[in-house]
Amino acid sequence: MVVFGGRSGEHEVSLASARAIMDALREGGRHEVVPVGISREGAWVHTGDPMRELRDRAGEKPARSAGVAASDRLPPGIFGEVDVVFPVLHGPYGEDGTVQGMLELLGVPYVGSGVLASAASMDKVTMKKVFAYHGLPQVRWLGLTRGEWQGDRGRWTREIEASLGYPCFVKPSNLGSSVGINRADSAEELASALDEAAALDRRIIVEEGVDAREIEVAVLGNEEPDASLAGEIVVSGEGFYDYEAKYTEGRMELVAPADVTGDVAEEIGRVARLAYTSIDAAGMARVDFFLERGTGRLLLNEINTIPGFTPTSVYPKLWSASGLPYEGLLDRLIQLALERHGATA
Ligand code: ATP
Ligand code: MG
Ligand code: MG
Ligand code: MG
1 MVVFGGRSGE HEVSLASARA IMDALREGGR HEVVPVGISR EGAWVHTGDP MRELRDRAGE
61 KPARSAGVAA SDRLPPGIFG EVDVVFPVLH GPYGEDGTVQ GMLELLGVPY VGSGVLASAA
121 SMDKVTMKKV FAYHGLPQVR WLGLTRGEWQ GDRGRWTREI EASLGYPCFV KPSNLGSSVG
181 INRADSAEEL ASALDEAAAL DRRIIVEEGV DAREIEVAVL GNEEPDASLA GEIVVSGEGF
241 YDYEAKYTEG RMELVAPADV TGDVAEEIGR VARLAYTSID AAGMARVDFF LERGTGRLLL
301 NEINTIPGFT PTSVYPKLWS ASGLPYEGLL DRLIQLALER HGATA
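With the UniProt record's numbering applied, the sequence shown covers 1 to 345.
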C-alpha cells in the first residue's frame, strides 16, 4: 500500500513522489499496489482512483477541518490486506510519527523510520538537541514558541540579535520543503519572519545564517546503514534553496559526487551515518549539510526521514549515482521494512 497526500504544506510534493513510486513498483508486474490517499483535510480516499481524486482537488484551497467528519479520518479497514505500507507523506501528519504510530497499532510493516525517529526528526528543535548530545557539529540556534514570541517581541528580538546576529534563518520547527523559512537581515525582517513561522507552527527555531555550500547524503539501512556518495546542491539565481528553487524545473542542479577531497567526502559519510543512528532512523533518510565557505567547517543541517522521491529527487538520484537504481532502491526499502518488523518474506 502506498499512502500519499496528507494534511501538511507538502501535500503536492507527496503526490509527485507517490506517483513515481507506484509506477516503478508496478513496472513489469513486480508488485501489486494499493493506492490510498489522504486529503488536505485528513479524509482517507481508498476507493476509485485516489490519486486522480486528490490531484483534482490539488488546486483547491484547504477546506476547514470542521468540514470533515471524524469518521472520515478513521483509517479504512484495508490495512490487514497488504504486506507492507509505504507512507509517502512529507511533513506533519505523515513524516512525523503519527501515521507510523497508527501502523504500529495496526501491526502492519511499513517503510522508513518508527515513531520516535520520525517525530524527533520532524521537530528541528528536538533534532538539534539529539545531535548536540552526540557531539555532532551544527550552527548556533535558539528555540521559542509562538506564545513566547507574541508575549514579548522586544525581548526575543534582543535575545536573537545578541546570541545569533544577522543574517539568521527563521523556521517553523516542524515542516519541510523550506515552507515558512525566511532569512532575516534586520529587526524588521526578523519580526515578519517570526510572525510567518508562528502562523505555521507552535514551535519555532532561529539559526545563525552561514555562507556555505550545501551537501546532501542519502542513507539506507536499519542497524548498520550505508551512506551514498555526497551530492552538492547548486541553486541558480538569487536567494537560498527555498520552495521555489526546490520545485521549479532547472533552478537546482545536483552535482554527484560533490567536488570535495576524499577526506571531506569520508567525513560527510561518517557524520551522515552518525546523524542517522543517533536519532534511531530506519529504512531511509536524507541528511543535509552545510560546508562553510572560507573555514571549510562541516555542519550538520538536518535529517529528513521521508525525503522527496520523484526520480529527479535528490534521495533516489544519490543512490543511482552510487550504483543503486530507482527500482532496486524501492525493493531494498521494502525488504528493510519487512526485516525491521520481523516479517521477512
Ligand atoms: P527539506 O525540504 O530539505 O526538508 P526544510 O524545510 O527542512 O527542507 P532546511 O533544510 O532546514 O529546511 O532549510 C532549507 C534551506 O534554507 C537550506 O537548504 C538552505 O538553503 C537554507 N538554510 C537553512 N538554514 C540555514 C542556515 N542556518 N544558514 C544558511 N542557510 C540556511
Ligand atoms: Mg527538512
Ligand atoms: Mg523534508
Ligand atoms: Mg533540508
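Where a beta carbon is used, it is the ideal one built from N, C-alpha and C, also for glycine.
Contact check, residue i vs residue j, beta carbons under 8 Å
{"i": "Tyr315", "j": "Met284", "result": "yes"}
{"i": "Val3", "j": "Val36", "result": "yes"}
{"i": "Leu318", "j": "Glu249", "result": "no"}
{"i": "Gly97", "j": "Ala119", "result": "yes"}
{"i": "Asn222", "j": "Arg203", "result": "no"}
{"i": "Phe79", "j": "Leu106", "result": "yes"}
{"i": "Thr139", "j": "Val206", "result": "The amino acid at residue 139 is misidentified as Thr; the sequence shows Val. No, they are not a contact pair."}
{"i": "Arg192", "j": "Tyr243", "result": "Residue identity check: residue 192 is Ser in the sequence provided, not Arg. No, the Cβ-Cβ distance between Ser192 and Tyr243 is not below 8 Å."}
{"i": "Leu300", "j": "Leu74", "result": "no"}
{"i": "Ser313", "j": "Ser228", "result": "no"}
{"i": "Val219", "j": "Ala272", "result": "yes"}
{"i": "Gly77", "j": "Gln100", "result": "no"}
{"i": "Ser163", "j": "Leu144", "result": "no"}
{"i": "Cys168", "j": "Ala187", "result": "no"}
{"i": "Glu10", "j": "Gly91", "result": "yes"}
Beta-carbon proximity list for residue i, same chain, < 8 Å, skipping 5 on both sides
{"i": "Glu267", "result": "Leu298"}
{"i": "Ile303", "result": "Ser121, Met127, Ala275, Tyr276, Ile279, Ala281, Ala285, Arg286, Val287 and Asp288"}
{"i": "Ile21", "result": "Val2, Phe86, Val88, Phe309 and Leu330"}
{"i": "Gly67", "result": "Glu41"}
{"i": "Glu159", "result": "Leu142"}
Beta-bridge partners of residue i, as assigned by DSSP
{"i": "Met252", "result": "Val235"}
{"i": "Asp226", "result": "Leu220"}
{"i": "Phe86", "result": "Val2"}
{"i": "Arg183", "result": "Phe169"}
{"i": "Pro35", "result": "Val2"}
{"i": "residue 350", "result": "The structure shown does not extend to residue 350, since the chain is modelled only from 1 through 345, so no value can be given for it."}
{"i": "Arg203", "result": "Thr145"}
{"i": "Val45", "result": "Gly37"}
Beta-carbon contacts of residue i that lie in its chain and below 7 Å, excluding the five residues immediately before and after
{"i": "Val255", "result": "Gly231, Glu232 and Val234"}
{"i": "Thr305", "result": "Glu95, Gly112, Ser113, Ala117, Ser118, Ser121, Ala281 and Ala285"}
{"i": "Leu103", "result": "Val85 and Tyr110"}
CB contact below 8 Å: residue i versus chain D
{"i": "Ser313", "result": "Looking at the structure shown, chain D is missing, and only one protein chain is on hand."}
Proximal residues to residue i (C-beta, below 6 Å), its chain only, five neighbours per side dropped
{"i": "Arg146", "result": "Ala198 and Arg202"}
{"i": "Pro109", "result": "Val84, Ala337, Leu338, His341 and Ala343"}
{"i": "Arg26", "result": "Val33"}
{"i": "Leu194", "result": "Trp149 and Val170"}
{"i": "Tyr247", "result": "none"}
List in chain order: all unbroken alpha helix (DSSP H) runs of 4+ residues lying wholly within the region 111-167.
-> Those alpha helix (DSSP H) runs which fall completely within the region 111-167 and span 4+ residues are 115-122, 124-133, 146-151 and 153-163.
In the region 274-333, which residue ranges form an unbroken alpha helix (DSSP H) of at least 4 residues, counting only runs that do not cross its ends?
-> List check, alpha helix (DSSP H) in window: 314-321.
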